[in-house]
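Novice: In our numbering, the protein residues as written are 276 to 385.
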């Protein structure tokens with residue numbers, strides 16, 4: 276298993292890859308593609324087909340006002356923490372190598 280984490284300084288509005296409106300997050304396919312190591316052009320179709328699944332969690336305590344978006348694809352789990360302004364605060368990727376992610380996270384996220 277390989278895990279990488281990157282702390283980011285709040286990005287400027289032009290660098291935002293995440294938008295929030297009407298209680299919905301819109302995440303740039305380029306960001307998802309980069310994290311899951313797939314071409315961004317494939318992201319929408321893979322999501323429609325249920326091959327990329329996701330989950331959203333609201334921050335508590337010291338993370339109030341933040342959200343953690345998690346994406347699953349094959350043996351990779353990517354997480355992005357954001358605020359409501361769309362600034363990417365943190366991101367991490369876990370590659371489970373030859374071991375696929377158990378079905379439970381996929382089902383819970385879908």
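Don't be surprised by glycine CBs; every beta carbon is placed ideally from N, CA and C.
Since we're looking at a predicted model, the values are computed, not measured.
(1) From residue 334 to residue 341, what distance separates their C-alpha atoms?
(2) Work out the CA separation of residue 350 and residue 320 for me, nearest whole Å.
(3) Determine the closest residue to residue 309 out of 374, 373, 369, with distance taken between C-alpha atoms.
(4) Which value, in whole angstroms, describes the spacing of the CA atoms of residue 288 and residue 360?
(5) Output yes or no for whether 7 Å exceeds the beta carbon distance between residue 293 and residue 345.
(6) May I ask you to report which of helix, strand or coil DSSP gives residue 333?
(7) For the putative contact between residue 331 and residue 300, defined by C-beta atoms under 8 Å, what is the C-beta separation to the nearest angstrom?
(8) Shortest alpha-carbon distance to residue 364 belongs to which of 348, 373, 374, 338?
(9) Does DSSP classify residue 307 as helix, strand or coil?
(10) At which residue ranges does the region 317 to 363 contain complete alpha helix (DSSP H) runs of 4 or more residues, listed in the order of the chain?
(11) Starting from residue 300, trace the beta strand (DSSP E) both ways and give me its first and last residue.
Specialist: In terms of the structure at hand:
(1) As a working mapping, residue 334 is identified with position 59 in the chain shown. As a working mapping, residue 341 is identified with position 66 in the chain shown. Distance between the alpha carbons of residue 334 and residue 341: 5 Å.
(2) To locate residue 320, count along the chain shown from 1; it is residue 45. To locate residue 350, count along the chain shown from 1; it is residue 75. The straight-line gap from Cα to Cα measures roughly 18 Å.
(3) Your numbering for residue 309 matches position 34 in the chain shown. Here the closest residue by C-alpha is 369.
(4) Counted from its first residue, the chain shown places residue 288 at position 13. Counted from its first residue, the chain shown places residue 360 at position 85. Residue confidence is low: residue 288 scores 37 on pLDDT, short of 50, so the model does not pin down where it sits. Its coordinate-derived value is still stated next. Taking the straight line joining both Cα atoms gives about 8 Å.
(5) Counting from one through the chain shown, the residue named residue 293 turns up at place 18. Counting from one through the chain shown, the residue named residue 345 turns up at place 70. It is not a contact, given that the beta carbons lie outside the stated cut-off.
(6) Residue numbering aside, residue 333 sits at position 58 when the chain shown is read from its first letter. Looking at residue 333 - three-state DSSP - the assignment turns out to be strand.
(7) Your numbering for residue 331 matches position 56 in the chain shown. Your numbering for residue 300 matches position 25 in the chain shown. The pair is a contact, with the Cβ atoms about 7 Å apart (cut-off 8 Å).
(8) Numbered from its first residue, the chain shown carries residue 364 at position 89. Of 348, 373, 374, 338, the residue nearest in Cα terms is 338.
(9) Locating residue 307 in the chain shown gives position 32, where the first residue counts as 1. Residue 307 falls in the helix class under three-state DSSP.
(10) 318 to 323
(11) What you label residue 300 is simply residue 25 of the chain shown in a count that begins at 1. Residue 300 -> beta strand (DSSP E) spans 299 to 302.
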